[in-house]
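K.L.:
This is the structure I want to talk about, given as structure tokens.
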Amino acid sequence: MNTFDIQWSEEYATGVDIIDEQHKVLFEYFIEVESVVEDGNVDDIRDIVKKLLDYAVWHNEFEEGLMSEAGYPMTIPHGKIHEAFKQRALDYERKIENEANPVKLAREIRTDIALWLINHIKREDKHYVKDVLAYLKKSQRKSGKLFGLFG
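Below is the structure:
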């Protein structure tokens with residue numbers, strides 16, 4: 027493998043299970059990008075890179091929705107970071123579509139997005155965890171009481 031090894035590590039866990047599961051999916055995409063790059067099929071490379079970028083943008087939107095529902099006070103500034111990422115992802119999507127030999131670019135995208143994600147988890151995501159966990163716990167208690175009526 028010509029690129030550094032990108033794998034999920036528990037040090038990236040936020041403690042918000044739904045977010046951690048989505049982050050793990052992104053790490054699975056990083057592995058899949060490397061796999062299709064090694065196979066060399068140009069259409070597969072373009073397809074999986076697009077899926078990685080689309081999922082990353084969707085995840086950020088999901089995360090913002092959760093932060094907003096939880097009443098996290100820094101949702102808007104956090105969302106601006108996500109918006110800058112979205113523009114970067116869209117730029118990469120345009121580039122990969124127009125690249126005659128996307129192998130090098132796919133590896134560049136994979137590495138760049140992985141480093142962005144790791145940095146973002148460690149520096150930004152940790153700030154909303156307390157608010158989101160409190161919100162989820164409160165929501166769970168409400169739904170537990172509701173479902174307890176029928177059990």
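In terms of the working numbering, the sequence shown is residues 27 to 177.
Glycine residues also receive a C-beta, built at the ideal position from the N, C-alpha and C atoms.
By DSSP, does Asp31 sit in helix, in strand, or in coil?
P.N.:
The residue given as residue 31 occupies position 5 in the sequence shown. Coil, per DSSP.
K.L.:
What are the start and end residues of each continuous alpha helix (DSSP H) run of 4 or more residues lying completely inside the segment 36–98, in chain order?
P.N.:
DSSP runs (the alpha helix (DSSP H)) wholly in the segment 36–98: 43–65 and 68–96.
K.L.:
Going by the beta-carbon positions, is the gap between Val62 and Ile74 smaller than 7 Å?
P.N.:
What you label residue 62 is simply residue 36 of the sequence shown in a count that begins at 1. What you label residue 74 is simply residue 48 of the sequence shown in a count that begins at 1. A contact, by the Cβ cut-off of 7 Å.
K.L.:
For Glu64, is the classification buried or exposed, using 16 other Cβ atoms within 10 angstroms of its Cβ as the cut-off for buried?
P.N.:
In the sequence shown, residue 64 corresponds to position 38, counting from 1. Exposed, by the Cβ-count rule.
K.L.:
Can you tell me which of the three DSSP states Glu125 falls into?
P.N.:
To locate residue 125, count along the sequence shown from 1; it is residue 99. Residue state, collapsed to three classes: coil.
K.L.:
Ordered along the chain, which non-local residues of its own chain (more than five positions away) have a Cβ less than 6 Å from that of His146?
P.N.:
Within the sequence shown, residue 146 is the residue found at index 120, counting from 1. Cβ neighbours of His146 beyond the five flanking positions: none.
K.L.:
Is DSSP giving Tyr161 helix, strand or coil here?
P.N.:
The residue given as residue 161 occupies position 135 in the sequence shown. Tyr161 falls in the helix class under three-state DSSP.
K.L.:
Using only the heavy atoms of the ligand ZN, determine whether one of them is closer than 6 Å to the beta carbon of Asp157.
P.N.:
With respect to the ligand ZN, the structure shown offers nothing to examine, as it has no ligands at all.
K.L.:
Where does Phe173 fall in DSSP's three states?
P.N.:
If you number the sequence shown from 1, residue 173 lands on position 147. Because Phe173 carries a pLDDT of 43, less than 50, the predicted location of this residue cannot be relied on, and the following value inherits that uncertainty. Helix at Phe173.
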